[in-house]
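Peer 1:
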Amino acid sequence: MVPNQSKLAFSLQKIKDLGYRLTPQRIEILETIIESDNALTVQEIHAAIKIKHPHVSLDTIYRNLSTLTEAGLVGQINLQSRESAKFEFQGKHHHHHAVCLSCKKSFCLDDCSVSEAFEKQMKEANFRPVTHIFEVYGYCSECQESDEIPIQAGL
Ligand SMILES: [Zn+2]
Ligand SMILES: [Zn+2]
Ligand SMILES: [Zn+2]
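Note that the working numbering numbers the sequence shown so that position 123 is 131, with each residue one more than the last.
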């Protein structure tokens, strides 16, 4: 199997295992995200799906994306605004991102920052987590060269 097909097969199985419905739109959204080399905005995904389904609304794309995010298959990047959020295929590889405030490029970080202490607190609060997001905002190496960005640094 070529890698993209096995990513899709893994995803469809996971959707079924979690008890979500496997709709043609969900499958096509997944295919679009899997086949793209870059993270995509909702508008870009919408444009791709509209080729086959001219009547699908932006809201439907949003709803399906949030289901796929909840399923852990899709990762959401740059939550500073709903309009600028991007989505990428995550599959089995849960990870986080650094986002450049200037050019909006994102960089995958391999580590997960959720500690045992977090997990303990959620258990104590009897909270059942579904997904979580952690992002680092800053400036990429290219944008650091620009005069337009503030000099101030630090987390
Ligand atoms: Zn940048
Ligand atoms: Zn990533
Ligand atoms: Zn994490």
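Cβ coordinates follow ideal geometry from the N, Cα and C atoms, glycine included.
Which of the three DSSP states is assigned to Ile-85 in this structure?
Peer 2: Reduced to three states, the DSSP call for Ile-85 is strand.
Peer 1: Exposed or buried, Leu-27, counting other C-beta atoms within 10 Å across all chains shown (16 or more means buried)?
Peer 2: The residue you asked about is not Leu; residue 27 is Gly in the sequence shown. So Gly-27 ends up on the exposed side.
Peer 1: Flag this pair as touching only if the segment 68-77 and the segment 115-135 have three or more C-beta atom pairs under 8 Å; answer yes or no.
Peer 2: No, they do not touch.
Peer 1: Our contact map puts Ile-1 next to Ile-53 with C-beta atoms below 8 Å; I'd like the distance itself, whole angstroms only.
Peer 2: Only positions 9 to 163 of the chain appear in this structure, which leaves residue 1 out of reach.
Peer 1: Do Val-82 and ligand 3 come close, with the Cβ less than 7 Å from some heavy atom?
Peer 2: No, since every heavy atom of ligand 3 falls outside the 7 Å radius drawn around the Cβ of Val-82.
Peer 1: Might you give, ordered along the chain, the residues of its own chain that have their beta carbon closer than 7 Å to the beta carbon of Val-138, omitting 5 neighbours on each side?
Peer 2: Closer than 7 Å at Cβ, skipping near neighbours: Glu-78.
Peer 1: Roughly how many angstroms separate the alpha carbons of Ala-17 and Lys-100, rounded to a whole number?
Peer 2: Cα to Cα, the separation comes out at about 12 Å.
Peer 1: Using a threshold of 7 Å, is the CB atom of Cys-151 nearer than that to any non-hydrogen atom of ligand 1?
Peer 2: Correct: Cys-151 has its Cβ closer than 7 Å to ligand 1.
Peer 1: For Cys-120, is the beta carbon positioned less than 7 Å from some heavy atom of ligand 3?
Peer 2: Yes, the beta carbon of Cys-120 sits closer than 7 Å to at least one heavy atom of ligand 3.
Peer 1: For a test of the three-state rule: what should DSSP assign to His-140, helix, strand or coil?
Peer 2: Reduced to three states, the DSSP call for His-140 is coil.
Peer 1: Mark Val-107 as exposed unless 16 or more other C-beta atoms lie within 10 angstroms of its C-beta, in which case mark it buried.
Peer 2: Buried, because 16 or more other Cβ atoms sit within 10 Å of the Cβ of Val-107.
Peer 1: Residues in the same chain with beta-carbon distance under 8 Å from Cys-111, minus the five sequence neighbours each way, listed in chain order, please.
Peer 2: Cβ neighbours of Cys-111 beyond the five flanking positions: Cys-148, Glu-150 and Cys-151.
Peer 1: If contacts are defined as beta-carbon pairs under 8 Å, then Ala-47 and Phe-95 qualify, I think. What distance do you get, rounded to the angstrom?
Peer 2: So it is a contact: roughly 6 Å between Cβ atoms.
Peer 1: Any heavy atom of ligand 2 inside 7 Å of the beta-carbon of Cys-108?
Peer 2: Every heavy atom of ligand 2 is 7 Å or more from the Cβ of Cys-108, so no.
Peer 1: Who are the Cβ neighbours of Ile-69 in its own chain at under 6 Å, not counting the five residues just before and after it?
Peer 2: The residues are Val-50, Ile-53 and His-54.
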